[in-house]
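Colleague: Mind having a look at this structure? Questions to follow.
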């Protein structure tokens with residue numbers, strides 16, 4: 006069983022702004038709440054299973070709802086504790102989950118049907134989901150045999166799918182806040198413009214990925230980004246704080262080429278040097294946005310800036326490979 010990682014600590018460093026953010030987004034965020042520690046209010050409570058969903062709600066409905074992030078040590082593998090479950094059941098007016106191979110606890114935690122909204126449902130119906138190899142097909146009840154457990158999570162690392170999640174959340178909030186349709190529509194347009202900037206950044210990056218470049222990842226979190234880039238990503242299960250084992254290194258050397266390795270967080274300096282020297286891989290940190298990244302600012306701005314910065318770092322790493330661009 007996977008050992009949960011320690012929760013990342015928040016940094017007091019000021020958030021660096023991204024050129025992708027338009028002025029309306031910046032002005033919007035100056036007036037928006039800057040975190041999740043707001044005091045109890047009479048506003049409806051919306052709980053999100055991952056940071057990217059909390060950020061979308063904040064971008065759409067800051068000031069209209071109280072947004073809470075479900076704090077798990079490892080969002081993709083851990084289960085909520087008893088207190089968290091009770092709060093979800095008793096206090097949450099709306100629980101937002103991706104529902105695509107990401108929250109294993111959904112199968113075991115009873116939540117009111119009226120409160121639970123799976124943003125990934127539209128992606129499944131549209132046939133846009135990827136499956137992880139090796140997962141068993143199974144069935145339970147009248148639903149028949151199916152393979153939803155095999156679906157790759159982290160759909161939001163494809164900005165085009167993140168835009169669709171934004172629209173799904175907006176639609177649900179319109180039902181949830183019927184008197185706020187105009188505000189939601191205006192905020193959605195502003196948020197969509199920023200996310201479209203991310204999509205364009207990925208599109209340009211995809212056109213510039215050199216043929217034959219190796220892309221690897223410390224975790225299987227980047228499948229959808231890899232598809233958008235037009236290349237497969239070879240994923241391992243490595244923690245940034247752990248040393249690289251000989252078997253891990255041999256597996257990466259077997260990929261047979263120079264390239265880039267994506268990490269969820271900064272690995273040890275020894276790992277960075279070993280990957281460069283022995284496997285020809287340049288390390289790039291691209292936060293998967295499960296938890297709040299380091300930095301200050303309203304959550305939506307933080308999401309866009311963090312994603313844009315990771316993509317820019319990937320672009321620089323690819324451009325710096327010997328014989329490339």
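Residue numbers (the numbering used here): 6 to 330.
The beta carbon of each residue, even a glycine, is placed where N, CA and C say it ideally should be.
Which of the three DSSP states is assigned to residue 110 in this structure?
Modeller: The residue labelled residue 110 in the question sits at position 105 within the chain shown. Helix.
Colleague: Can you grab the Cα-Cα spacing for the pair residue 38 / residue 308, in whole Å?
Modeller: Against the chain shown, residue 38 aligns to sequence position 33. Against the chain shown, residue 308 aligns to sequence position 303. Confidence at residue 38 is low in this model, with a pLDDT of 37, below 50, so its placement is unreliable and no value can be given for it.
Colleague: When DSSP labels each residue in this structure, what does residue 249 get in the three-state scheme?
Modeller: To locate residue 249, count along the chain shown from 1; it is residue 244. Residue 249 falls in the coil class under three-state DSSP.
Colleague: Once DSSP output is grouped into helix, strand and coil, what is the label at residue 129?
Modeller: By 1-based counting over the chain shown, the position of residue 129 is 124. The answer is helix: DSSP assigns residue 129 an H, G or I state.
Colleague: For residue 172, report the span of its alpha helix (DSSP H) as first-last.
Modeller: Here residue 172 is taken as the residue at index 167 of the chain shown, counted from 1. First-last of the alpha helix (DSSP H) with residue 172: 164-181.
Colleague: With DSSP as the reference, label residue 297 as helix, strand or coil.
Modeller: Stepping through the chain shown from its first residue, residue 297 is reached at position 292. Looking at residue 297 - three-state DSSP - the assignment turns out to be coil, as it is neither helix nor strand.
Colleague: In or out: residue 132 buried (at least 16 other Cβ within 10 Å) or exposed?
Modeller: Locating residue 132 in the chain shown gives position 127, where the first residue counts as 1. Residue 132 is classed as exposed because its beta carbon has fewer than 16 other beta carbons within 10 Å across all chains shown.
Colleague: Apply the 10 Å Cβ neighbour rule to residue 186 and answer buried if 16 or more other Cβ atoms are within range, or exposed otherwise.
Modeller: Taking the chain shown and counting its residues from 1, the one referred to as residue 186 is at position 181. Burial call: exposed.
Colleague: If you compare alpha carbons, which of 159, 219, 127, 166 is closest to residue 204?
Modeller: On the chain shown, residue 204 is found 199 positions in, with the first residue counted as 1. Minimum Cα distance to residue 204 is reached at 166.
Colleague: Just to confirm the assignment, what range does the beta strand (DSSP E) spanning residue 123 have?
Modeller: As a first step, residue 123 must be located in the chain shown, where it is residue number 118. Counting along the chain, the beta strand (DSSP E) containing residue 123 begins and ends at 121-123.
Colleague: Measuring alpha carbon to alpha carbon, tell me which of 54, 67, 51 ends up nearest residue 302.
Modeller: Reading the chain shown from its first residue, position 297 is the one you call residue 302. It is 67 whose Cα lies nearest to the Cα of residue 302.
Colleague: If you pair each beta-carbon of the region 55-73 with each one of the region 115-123, do three or more pairs fall below 8 Å?
Modeller: no
Colleague: Could you spell out the range, first to last residue, of the alpha helix (DSSP H) harbouring residue 221?
Modeller: Your numbering for residue 221 matches position 216 in the chain shown. That residue, residue 221, is in no alpha helix (DSSP H); its beta strand (DSSP E) goes 219-222.
Colleague: Should residue 193 go down as buried or exposed, given a rule of 16 or more other Cβ atoms within 10 Å for buried?
Modeller: Mapped onto the chain shown, residue 193 falls at position 188. Its Cβ being crowded by 16 or more others within 10 Å, residue 193 is buried.
Colleague: Thinking residue 277 and residue 288 are a contact (beta carbons under 8 Å), I'd like their distance in whole angstroms, please.
Modeller: Within the chain shown, residue 277 is the residue found at index 272, counting from 1. Within the chain shown, residue 288 is the residue found at index 283, counting from 1. Right, their Cβ atoms sit about 5 Å apart.
Colleague: Alpha carbon to alpha carbon, how far is residue 179 from residue 256? Give it in angstroms, no decimals.
Modeller: Sequence index remark: in the chain shown, residue 256 carries index 251 (1-based). Sequence index remark: in the chain shown, residue 179 carries index 174 (1-based). Approximately 49 Å, taken between the alpha carbons.
Colleague: Between the Cα of residue 47 and the Cα atoms of 62, 88, 97, which residue gives the shortest distance?
Modeller: On the chain shown, position 42 is the one that residue 47 refers to. The residue with the shortest Cα to Cα distance from residue 47 is 97.
Colleague: From what residue to what residue does the beta strand (DSSP E) around residue 264 run?
Modeller: Taking the chain shown and counting its residues from 1, the one referred to as residue 264 is at position 259. 264-268 is the span of the beta strand (DSSP E), which, as asked, contains residue 264.
Colleague: Residue 258: buried (16+ other C-beta within 10 angstroms of its C-beta) or exposed?
Modeller: Here the question's residue 258 lines up with position 253 in the chain shown. Residue environment: residue 258 is assigned as exposed (fewer than 16 neighbouring CB atoms within 10 Å of its CB, all protein chains considered).
Colleague: Just the C-alpha distance for residue 264 and residue 254, rounded to the nearest angstrom, thanks.
Modeller: Taking the chain shown and counting its residues from 1, the one referred to as residue 264 is at position 259. Taking the chain shown and counting its residues from 1, the one referred to as residue 254 is at position 249. As the crow flies, the alpha-carbon of residue 264 is around 14 Å from that of residue 254.
Colleague: Excluding sequence positions up to five away, which residues of its chain have a Cβ less than 8 Å from the Cβ of residue 311?
Modeller: As a first step, residue 311 must be located in the chain shown, where it is residue number 306. Taken in chain order, the residues that qualify are 292, 294, 298, 300.
Colleague: Assign residue 228 to one of two classes, buried (16 or more other C-beta atoms within 10 Å of its C-beta) or exposed (fewer than that).
Modeller: In the chain shown, residue 228 corresponds to position 223, counting from 1. With 16 or more other Cβ atoms within 10 Å, it is buried.
Colleague: CA-CA distance, residue 220 and residue 211?
Modeller: The sequence position of residue 220 within the chain shown is 215, counting from 1. The sequence position of residue 211 within the chain shown is 206, counting from 1. If I take the Cα positions, the gap works out to 12 Å.
Colleague: Could you tell me the distance, in whole angstroms, from the CA atom of residue 237 to the CA atom of residue 231?
Modeller: Looking up residue 237 in the chain shown gives position 232. Looking up residue 231 in the chain shown gives position 226. In a straight line, the C-alpha of residue 237 is about 6 Å away from that of residue 231.
Colleague: Please identify the residue among 50, 86, 91, 129 whose C-alpha is closest to the C-alpha of residue 100.
Modeller: Counting from 1 along the chain shown, the entry for residue 100 is found at position 95. When each option's Cα is compared against that of residue 100, the closest is 50.
Colleague: From residue 129 to residue 246, what does the alpha carbon distance come to, in whole angstroms?
Modeller: Here residue 129 corresponds to residue number 124 of the chain shown, with the count starting at 1. Here residue 246 corresponds to residue number 241 of the chain shown, with the count starting at 1. Whole-angstrom Cα-Cα distance: 35 Å.
Colleague: Give the secondary structure of residue 242 by DSSP, where H, G and I count as helix, E and B as strand, and everything else as coil.
Modeller: Here the question's residue 242 lines up with position 237 in the chain shown. In the structure shown, residue 242 sits in coil (DSSP, three-state: anything other than H, G, I, E or B).
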